[in-house]
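Reading through the structure tokens given below for one structure.
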Amino acid sequence: MKQQEEHDHDKTVRRLLDKVRHYRKLNKLTQGHLARHLRISQNAYSKLERGISELTIYKLLVIMQILGISIFELLEKH
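Position one of the sequence shown corresponds to residue 1 (full-length UniProt numbering), numbered consecutively onward.
Right, dumping it as structure tokens:
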């Protein structure tokens with residue numbers, strides 16, 4: 001059961017990160033642009049977007065504000 005929960009969590013995080021990337025590109029913003037707002041390097045931001053580094057709630061809130069989207073838009077399934 002625990003393994004299934006971890007798999008579901010990973011899928012949810014992946015979907016969320018894919019949507020962040022989608023909205024970033026839709027807004028014609030670079031990873032570097034978001035990185036500057038987060039006060040991290042472009043490489044560190046790239047790792048966040050690829051799921052290599054952990055995305056904190058604070059960073060997610062900053063990203064959502066920059067992209068002009070809500071948590072509901074990120075979590076909807078389509």
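All residues carry an ideal CB built from backbone N, CA and C; glycine is no exception. Remember, it's a predicted structure, so these values are computed and weren't measured experimentally.
Thinking C-alpha only, which one of the options is nearest residue i?
i   : options            : result
I71 : D8, D10, K19       : K19
E76 : H9, L61, D10, R15  : R15
E49 : K28, Q65, R24      : R24
Q65 : A44, Q42, L38      : L38
I69 : S46, R21, S41, S53 : R21
What span of residues does the alpha helix (DSSP H) with residue i cover, start to end?
i   : result
R36 : 31-38
I71 : 71-75
K47 : 42-49
K59 : 57-67
Going by beta carbon distance, what residues of the same chain come within less than 6 Å of residue i, once the five residues before and after it are set aside?
i   : result
L74 : L16, K19
Within the same chain, show all residues whose beta-carbon is closer than 7 Å to that of residue i, passing over the 5 residues directly before and after it, in chain order.
i   : result
L67 : Y23, R24, N27
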